[in-house]
Structure formats: C-alpha cells, structure tokens
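Contents: one structure, followed by commentary.
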Amino acid sequence: MADSLNLNKTGNTSDASPDSADVLIVGGGIAGLSLALRLAEHTDVTLLAKDNLGEGSSLYAQGGIAAVLDLREDNFESHVDDTLRAGAGLCHVETVRQVVSEGPAIIAWLAELGVPFTENAPPDEGAPAYHLTREGGHSHRRVVHAADATGRAITKTLAERVRAHPRIRVQQDQIAIDLITSHKLGWSGPNRCVGLYVYDKASGTVSTLSARFLVLATGGASKAYLYTSNPDTSTGDGIAMAWRAGCRVANMEFVQFHPTCLYHPKAKSFLISEAVRGEGGVLKLPDGTRFMPNHDPRAELAPRDIVARAIDYEMKRGGFDCVYLDISHRPPAFVREHFPNIYARCLEFGYDITREPIPVVPAAHYTCGGVMTDLQGATDLEGLYAIGECAFTGLHGANRLASNSLLECLVYGHAAADDILSKLGPQSPRLPLPPWDESRVTDADEQVVVSHNWDELRRTMWDYVGIVRTNKRLARAQHRIRLLRDEIREYYTNFKVGNDLLELRNLVMVAELIVRCALARTESRGLHYSRDYPHTDTQHAPQDTVLTPANFAGAALPPGRNTRVAGEPR
Numbered sequence: 001m002a003d004s005l006n007l008n009k010t011g012n013t014s015d016a017s018p019d020s021a022d023v024l025i026v027g028g029g030i031a032g033l034s035l036a037l038r039l040a041e042h043t044d045v046t047l048l049a050k051d052n053l054g055e056g057s058s059l060y061a062q063g064g065i066a067a068v069l070d071l072r073e074d075n076f077e078s079h080v081d082d083t084l085r086a087g088a089g090l091c092h093v094e095t096v097r098q099v100v101s102e103g104p105a106i107i108a109w110l111a112e113l114g115v116p117f118t119e120n121a122p123p124d125e126g127a128p129a130y131h132l133t134r135e136g137g138h139s140h141r142r143v144v145h146a147a148d149a150t151g152r153a154i155t156k157t158l159a160e161r162v163r164a165h166p167r168i169r170v171q172q173d174q175i176a177i178d179l180i181t182s183h184k185l186g187w188s189g190p191n192r193c194v195g196l197y198v199y200d201k202a203s204g205t206v207s208t209l210s211a212r213f214l215v216l217a218t219g220g221a222s223k224a225y226l227y228t229s230n231p232d233t234s235t236g237d238g239i240a241m242a243w244r245a246g247c248r249v250a251n252m253e254f255v256q257f258h259p260t261c262l263y264h265p266k267a268k269s270f271l272i273s274e275a276v277r278g279e280g281g282v283l284k285l286p287d288g289t290r291f292m293p294n295h296d297p298r299a300e301l302a303p304r305d306i307v308a309r310a311i312d313y314e315m316k317r318g319g320f321d322c323v324y325l326d327i328s329h330r331p332p333a334f335v336r337e338h339f340p341n342i343y344a345r346c347l348e349f350g351y352d353i354t355r356e357p358i359p360v361v362p363a364a365h366y367t368c369g370g371v372m373t374d375l376q377g378a379t380d381l382e383g384l385y386a387i388g389e390c391a392f393t394g395l396h397g398a399n400r401l402a403s404n405s406l407l408e409c410l411v412y413g414h415a416a417a418d419d420i421l422s423k424l425g426p427q428s429p430r431l432p433l434p435p436w437d438e439s440r441v442t443d444a445d446e447q448v449v450v451s452h453n454w455d456e457l458r459r460t461m462w463d464y465v466g467i468v469r470t471n472k473r474l475a476r477a478q479h480r481i482r483l484l485r486d487e488i489r490e491y492y493t494n495f496k497v498g499n500d501l502l503e504l505r506n507l508v509m510v511a512e513l514i515v516r517c518a519l520a521r522t523e524s525r526g527l528h529y530s531r532d533y534p535h536t537d538t539q540h541a542p543q544d545t546v547l548t549p550a551n552f553a554g555a556a557l558p559p560g561r562n563t564r565v566a567g568e569p570r
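Counting from 1, one number per residue, gives the positions in the sequence shown under the working numbering.
Here it is as structure tokens:
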C-alpha cells in the first residue's frame with residue numbers, strides 16, 4: 001500500500017528513534033498528519049507511524065468530508081441538527097457546533113495543500129466549486145469528495161507534505177507500548193505524561209522517548225471484531241494506553257457497524273461506500289425484494305445503525321449469508337465516473353456493478369467512544385492529547401453521522417496544535433527516563449498462544465457483542481475476555497514483547513471496556529441495541545457512559561454533561 005502512495009522510507013524519515021521531542025505524535029493517519037503540519041510551522045515534531053506513513057483507516061475512507069458549502073440549499077444549523085439526530089441524544093452540542101462551523105475552512109486548507117477534490121463540471125452560477133454528494137442521515141448534499149477515494153487523496157497529500165517538512169521527523173514501523181507518567185516514576189507534583197516506550201518492529205528493540213507534549217492519534221479498535229472494514233493497524237492502542245495511564249474513557253459500547261462491506265472470501269474488508277446508496281443504490285434480498293422501506297421511512301438513506309440492524313435482521317430471518325446492494329439501474333457511465341475504485345475492485349472479484357448487484361454484509365467500522373478530551377483534544381493527564389477516532393469528544397454521540405469522522409480529525413488537529421503551541425513556552429531541563437527493562441523476561445516459547453487468543457477474542461466479540469446484544473451474551477463475553485486478559489497479562493509479564501503480543505494486549509483491554517460500557521447501558525440507543533432493553537429511556541436525561549480507572553488522579557477536564565459511571569470491577 002505504501003508503494004502506491006510513494007511513502008517509503010526516504011526524505012526526512014529515519015529509522016533511529018530520537019531520545020526526546022517537543023511534541024511526539026503517535027499515529028500517521030489524517031489526524032496525526034494534519035496536526036504535525038500545523039505544529040511544524042512553529043516547533044519541532046516527531047511522528048511515530050505504526051506501519052508505513054499514512055497506513056490506517058484514514059487511507060481507506062471512501063465517502064468524503066461533510067461540510068456546508070452550498071449556502072443556497074444548506075446551512076450550519078441543518079448539519080448540526082443532522083449530527084444531533086444521528087447521535088440519538090448523546091452528542092455534545094458545543095462540540096458539534098465547533099466541528100461543523102470549521103468545515104468550510106478545513107476544506108479550503110486541504111485544497112490549498114493540493115487535495116484533488118472532485119469539482120462541479122461545469123459549475124452552476126452560485127454553486128460550490130466542488131461536487132457534493134449525499135450520504136445516510138444527511139438532509140442535504142454536503143459531502144465533499146475526491147471521487148470514491150477521498151481518504152487516500154487526503155492522506156497522500158498530507159503525507160507528502162509531512163515527509164518534505166524539515167521540522168518533522170518521521171519514525172515508521174513503530175508500535176507504542178505504554179505511556180510514561182511522572183507518578184509512575186515517583187516524581188512529585190501533578191501527574192503528567194513525560195514520554196513513551198516504543199517497540200521497533202524492524203529491529204525488535206524497545207526505545208524510551210521523552211516528550212514535552214504527547215498526542216495519541218492512533219485510530220479506533222474495530223480489529224477487536226472478527227469482521228471489520230478496518231486495516232490491521234486498528235487495534236485500540238491509544239485507548240488502551242491512555243486507560244492504563246489513568247485517563248477516563250467514555251461510550252465504548254457504541255461500535256458502528258458499516259452496513260455494506262463486500263461479501264467475498266478473498267475481499268479482505270473492502271468497503272462499499274455509503275455514497276453508493278446516496279446516489280440511488282438500493283438494498284435487496286437474494287430474491288430481488290427491496291426491504292429497507294419496511295424498516296425506516298428514509299429507506300437506504302437512514303443512519304448506519306438502522307441500516308446495519310435491518311440487514312442483520314433480514315439475514316438472520318431468511319438464513320442468508322449476505323444481502324445485495326444494487327446501483328445497476330443508473331447509467332453505466334455515471335457509475336464508473338462516480339465510483340471508479342469500487343467499480344474496478346468489484347470487477348476484480350467478478351462483479352460488474354453496472355450490470356448486477358453487489359453482495360454485502362455489515363462489519364465493524366468505527367469506534368464512537370474513546371479517551372475523554374476537552375474541546376482542544378486535551379485528556380485527563382497533563383501533557384497528553386488524543387485526537388481522531390481514539391478520542392471521545394462528544395461529537396458522535398450514540399452513532400456517528402456519515403463523513404463527520406475525517407472532519408473531526410482535521411478540526412481537532414487544528415485545535416490541539418493551537419493549544420499545544422500556546423503552552424510550549426521556554427524549554428526546561430528534562431530528567432532522564434528509565435530504559436525498558438527486559439532483564440527478567442525470555443524469548444516466547446509458544447507463539448501459538450498469541451494467535452489462538454487473538455482469534456478467540458475476535459470471535460467472542462463478534463458472536464456476543466455485535467449488532468444485537470443481550471445481557472446473557474454480554475456476561476459470557478465478559479467472563480471469557482477476563483480469562484483471556486489474565487492469560488495475555490501472564491504472557492506479557494514473562495516473555496519479550498512483539499508486535500502481535502502488544503496489539504493483542506491492547507485489543508483485550510479495549511474489548512473489556514466495550515463490554516463494561518454495554519452492560520452499564522440499560523436501554524437501546526443508537527448503535528447499542530439490546531433485546532433485554534429494546535426501548536430508549538425517555539424518562540431520564542440521556543447519559544454518557546464514563547469508565548474511570550482505579551489509578552485516576554483527578555479530573556483535568558471541566559465537569560461534563562450527565563454521565564453514568566461504571567466503576568472498576570469488584
């Protein structure tokens with residue numbers, strides 16, 4: 001994948017980890033890349049990429065960025081209302097207004113950097129310069145896109161800028177292990193993030209990095225599920241590390257399942273963009289019967305949680321392996337022009353989408369919860385920020401509105417940069433950090449333990465913590481996950497670390513957080529649907545589910561809205 005983006009280790013990229021940085025960014029997707037570019041105009045930045053620079057969920061985002069550009073038909077309040085409606089009462093209004101209002105400026109910034117958005121041709125007088133499509137949950141056309149590969153276009157543009165910038169140092173093939181905090185080191189004063197332990201996948205060595213400010217931009221955790229649209233890097237690393245360091249997390253029960261992933265044994269998690277439905281695609285049963293109007297008056301343009309549950313229901317009711325998404329009634333030239341990558345990819349697997357429907361199934365797609373932050377991306381832990389999918393800002397509520405995710409990454413990349421730059425000040429002397437200690441561990445004797453636990457965890461989450469949940473299923477999942485957690489902890493304690501073990505350690509932690517949040521919510525709302533509590537609680541104010549770790553050192557964030565608190569397990 002990196003070869004096609006021309007992102008190999010060249011330019012300012014280095015394999016040798018620096019000892020310290022003013023700002024250390026963990027994550028090379030759109031959130032991390034945009035933050036690095038904003039910061040580098042004023043300070044030196046080190047960016048750690050888990051794989052090749054740019055690899056991650058951002059790269060595979062097809063639809064686009066939601067932004068109000070056509071003021072003849074659309075307005076900010078409409079975008080706000082659509083976001084709040086999709087979020088099922090749990091969106092934080094202040095956050096929503098912040099993100100929505102910055103949409104036009106974000107698009108202008110990206111265009112100035114050279115992102116090749118699809119233009120209107122020829123543009124109508126007074127119409128926006130860019131072609132706007134419509135996706136589920138949106139009341140207007142407001143999704144700016146680069147054909148059907150928007151994430152790739154943005155990632156490539158930002159990554160090339162980052163690689164060429166003299167003040168940004170890029171470290172590839174690095175997986176973060178754990179945050180280093182002042183309290184863990186026994187230092188006096190307020191608890192603060194002071195650095196990070198990092199595993200180099202190429203050399204198999206662990207480095208100790210210090211930083212004045214550290215930003216988690218590590219993406220989501222959908223690899224906790226057996227079927228996912230996400231790449232292999234989406235293992236919840238930032239969420240797990242922040243939790244272990246004492247940060248609160250929130251709303252982890254809201255895992256968005258994308259309704260339409262290509263169903264084919266060799267099509268590894270290939271997403272069929274929501275824009276296909278936005279441009280007229282309809283969902284059908286194997287016999288050709290359309291079914292979405294029976295589930296929601298918005299039919300195929302209903303929010304993702306509704307569409308995913310409808311597909312799940314129809315598949316289980318009929319015993320089908322998949323359903324079908326059909327856009328073959330549109331002119332072939334239109335389909336090829338609007339969805340060139342989807343058309344080409346499906347053709348590789350024997351499906352001509354201009355002539356026949358596409359077999360599709362739901363798959364885990366987006367983590368709506370995450371590390372709690374304020375409006376600048378700052379977490380509970382001083383010096384630590386979280387942006388993008390690993391963060392909980394309050395934007396998405398109980399269900400993310402389509403194409404708001406890339407917008408959130410870019411808005412909070414900007415906000416976090418401004419906040420960090422305002423706090424940098426003169427540099428003070430830094431105390432040395434202790435090196436990674438491997439004196440009491442040995443090489444792993446049986447790697448099959450890791451692979452077996454990895455498979456069991458993901459199957460457990462898919463079977464028991466999926467689109468439709470019950471208390472019994474969740475209790476079974478919790479019991480098995482805790483057993484796996486203890487096995488993995490013992491393995492981690494006794495053997496040298498490696499990439500698979502580190503990812504599995506993070507995934508089992510995130511899986512436990514998802515289950516704990518799901519058990520705490522005694523209603524159905526948004527992406528969380530329980531057969532034991534099939535109705536939404538209308539008697540009480542909507543509440544976020546906030547988990548607080550045992551080593552929580554005190555809230556740096558302002559008091560939030562109504563929350564339900566799920567404490568440490570007894």
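Every residue, glycine too, gets a C-beta built ideally from N, C-alpha and C.
DSSP three-state label for residue i, please.
i	result
Ser-200	The sequence shown places Asp at residue 200, not Ser. Note: Asp-200 maps to strand in three-state DSSP.
Val-96	helix
Pro-166	coil
Tyr-227	coil
His-138	coil
Ile-488	helix
Asp-500	helix
Arg-469	strand
Val-626	Any question about residue 626 goes unanswered here, given that the chain covers just 1 to 570.
His-528	strand
Val-510	helix
Leu-53	coil
Gln-256	strand
Arg-459	helix
Leu-110	helix
Arg-38	helix
Gln-171	strand
Leu-69	coil
Ala-250	strand
Gly-11	Annotation note: pLDDT 34 at Gly-11 (below 50); position unreliable, coordinate value reported separately. Gly-11 falls in the coil class under three-state DSSP.
Ala-391	strand
Leu-47	strand
Gly-567	With a pLDDT of 39 at Gly-567, under the threshold of 50, the predicted position of this residue should be treated as unreliable, and no value is reported.
Taking C-alpha atoms, which residue in the options lies nearest to residue i?
i	options	result
Cys-193	Pro-122, Asn-230, Asp-22 and Ala-250	Asp-22
Thr-354	Tyr-412, Gly-280, Asp-287 and Ile-306	Gly-280
Ser-403	Gly-383, Gly-63 and Leu-504	Gly-63
Arg-505	Thr-133, Asp-51, Gly-236 and Phe-349	Gly-236
Thr-367	Leu-513, Pro-331 and Val-361	Leu-513
Leu-71	Gly-54, Ile-30, Thr-46 and Tyr-130	Tyr-130
Ala-105	Leu-69, Ala-86 and Ala-302	Leu-69
Ser-439	Ser-210, Glu-490, Pro-286 and Asn-494	Asn-494
Asn-551	Leu-381, His-396, Glu-456 and Leu-406	Leu-381
Thr-83	Asp-537, Arg-476 and Pro-303	Pro-303
Ile-467	Glu-389, Ala-520, Ala-364 and Lys-496	Ala-364
Ser-269	Val-515, Thr-393, His-145 and Ile-342	Ile-342
Met-461	Val-510, Thr-536, Thr-155 and Gly-425	Val-510
Gly-186	Glu-41, Glu-314, Ala-520 and Pro-432	Pro-432
Arg-336	Pro-122, Val-497, Glu-73 and Ala-147	Ala-147
Ala-553	Asn-52, Gly-246, Phe-349 and Arg-469	Gly-246
Ser-203	Phe-291, Arg-525, Leu-519 and Val-497	Val-497
Arg-97	Ile-107, Leu-110 and Ser-78	Ser-78
What residues are listed by DSSP as bridge partners for residue i?
i	result
Ser-20	Ser-210
Asp-130	Before going further, note that residue 130 is Tyr rather than Asp in the sequence given. BP columns for Tyr-130 point to Glu-119.
Cys-517	DSSP, once it has assigned bridges, lists no residue as partnering Cys-517.
His-192	It should be noted that the sequence gives Arg, not His, for residue 192. The partner list for Arg-192 (beta bridge, DSSP) reads Glu-382.
Asp-178	Tyr-197
With a cut-off of 8 angstroms on the beta carbons, I'd call residue i and residue j a contact; round off their distance for me.
i	j	result
Ala-176	Val-198	6 angstroms
His-329	Ala-310	21 angstroms between Cβ atoms; not a contact.
Ala-86	Asn-399	5 angstroms
Arg-485	Val-465	With 8 angstroms as the limit, Arg-485 and Val-465 do not qualify as a contact, their Cβ atoms being about 15 angstroms apart.
Pro-542	Gly-89	4 angstroms
Ser-57	Asn-251	With 8 angstroms as the limit, Ser-57 and Asn-251 do not qualify as a contact, their Cβ atoms being about 18 angstroms apart.
Val-143	Ala-275	7 angstroms
Ala-344	Gln-376	Actually they do not touch by this definition, with Cβ atoms about 41 angstroms apart.
Ala-40	Arg-167	4 angstroms
Ala-31	Gly-369	Wrong, their Cβ atoms sit about 16 angstroms apart, outside the cutoff.
Leu-547	Cys-517	7 angstroms
Q.
Extract the residue ranges of the alpha helix (DSSP H) inside the region 258-341, only unbroken runs of 4 or more that lie entirely within it.
A. For the region 258-341, the full-length alpha helix (DSSP H) segments reaching 4 residues or more read 274-278, 304-318 and 332-338 along the chain.
Q: Output the residue ranges of the beta strand (DSSP E) runs that lie fully inside the region 337-386 and measure 3 residues or longer, sorted by chain position.
A: The qualifying runs are 358-367, 370-372 and 384-386.
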